[in-house]
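Q: In the working numbering, the protein residues as written are 183 to 261. Think of the CB as a built atom: it goes at the ideal place given N, C-alpha and C, for glycine as much as any other residue. Source: prediction; values computed, not measured.
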């Protein structure tokens, strides 16, 4: 697995985040999978002060347009 680059924090700056399935495999196989992801995204955004402006859920990846409230709103990269 490849770690992502560290995120540069700029207050009120929009970020485009892409999440992909392992080896670009499917991550959403049924409508319930999309609904579960959105519930988890909503909870995580509230917990970490992340504003989600837009999202696109594809079968094997997700695009998010977000704003970070604090420098720690987005996790650190894997080491």
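Write down the C-beta distance between residue 234 and residue 223 rounded to the nearest angstrom, noting that I regard them as a contact closer than 8 angstroms.
A: 7 angstroms
Q: Could you tell me which residues DSSP puts in a beta bridge with residue 237?
A: Its beta-bridge partners are 246.
Q: Helix, strand or coil, according to DSSP, for residue 201 in the structure here?
A: strand
Q: Give the C-beta separation of residue 243 and residue 201 to the nearest angstrom, bearing in mind that I take them to be a contact with Cβ-Cβ under 8 angstroms.
A: 6 angstroms
Q: Taking residue 245 as the reference, give the member of 199, 206, 194 and 193 with the closest Cα.
A: 199
Q: What residue range does the alpha helix (DSSP H) around residue 224 cover?
A: 213-229
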